[in-house]
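For the sequence shown, position 51 matches number 51 in UniProt numbering, and the numbering has no gaps at all.
Built from N, CA and C at the ideal position, the CB exists for glycine as well.
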Amino acid sequence: MKDLIQRYFDAFNAHNTEDMLACLAPDVEHHVNEGTIRVGRTAFAEFCAHMSRCYDETLTDMVIFVNEDGTRAAAEYTVNGTYLETDGTLPPAHGQTYKLPAGSFFSIADGQITRVTTYYSLSGWTAQVS
Numbered sequence: 001m002k003d004l005i006q007r008y009f010d011a012f013n014a015h016n017t018e019d020m021l022a023c024l025a026p027d028v029e030h031h032v033n034e035g036t037i038r039v040g041r042t043a044f045a046e047f048c049a050h051m052s053r054c055y056d057e058t059l060t061d062m063v064i065f066v067n068e069d070g071t072r073a074a075a076e077y078t079v080n081g082t083y084l085e086t087d088g089t090l091p092p093a094h095g096q097t098y099k100l101p102a103g104s105f106f107s108i109a110d111g112q113i114t115r116v117t118t119y120y121s122l123s124g125w126t127a128q129v130s
């Protein structure tokens, strides 16, 4: 299952939402950092479109962990980004760059990701772009 998680993140870094979606179960639960839970590939694709409009991000220093039976995984990484367009009530965007540690947690069934939960410090990000 480590290969599945690696494919997901390779697609993220390639800005290839279609390849990310191919890793996900149709009813995937996407637990967004400090946001609501989105369910399904369509909601995930809409989130990705919004994020791509507002942020340009690449993940580095990736370490992936998988439990023995392959039903859970986690990844720790560094987010390297540029804030492209003001996102809602967040600080105004004017091309600020940022770098912060983050992590994702996954549930896996039948060779697909059924849950993605992502964590990072929003206050840390805000301090960097303000």
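Around ALA45, the same chain offers THR17, LEU21 as residues with beta carbons nearer than 8 Å, after the five sequence neighbours per side are excluded. By the Cβ neighbour-count rule, ILE64 is buried, with 16 or more other Cβ atoms within 10 Å of its own. Runs of the alpha helix (DSSP H) lying entirely within the UniProt domain "SnoaL-like" (5 to 116), each at least 4 residues long, are 17 to 22, 41 to 54 in chain order. By the 16-neighbour rule on beta-carbons within 10 angstroms, GLY81 is buried.
For SER121, no alpha helix (DSSP H) segment is defined, and its DSSP state is neither H nor E. With fewer than three CB-CB distances shorter than 8 Å, the segment 33 to 48 does not count as touching the segment 56 to 75. Proximity to VAL129 across THR86, CYS48, VAL116, ALA49 peaks at THR86, based on C-alpha coordinates.
Between the alpha carbons of TRP125 and ALA49 lies a distance of about 20 Å. Burial check for HIS15: the Cβ neighbour count within 10 Å stays below 16, so the residue is exposed. Ranking GLU57, LEU84, PRO101 by CA distance to the CA of ALA93 puts LEU84 first. Nearest neighbour of THR42 by Cα position, chosen from THR117, GLN96, LEU24, turns out to be LEU24. Taking C-beta atoms under 8 Å as the contact rule, ALA102 and TYR120 qualify, at a distance of about 4 Å.
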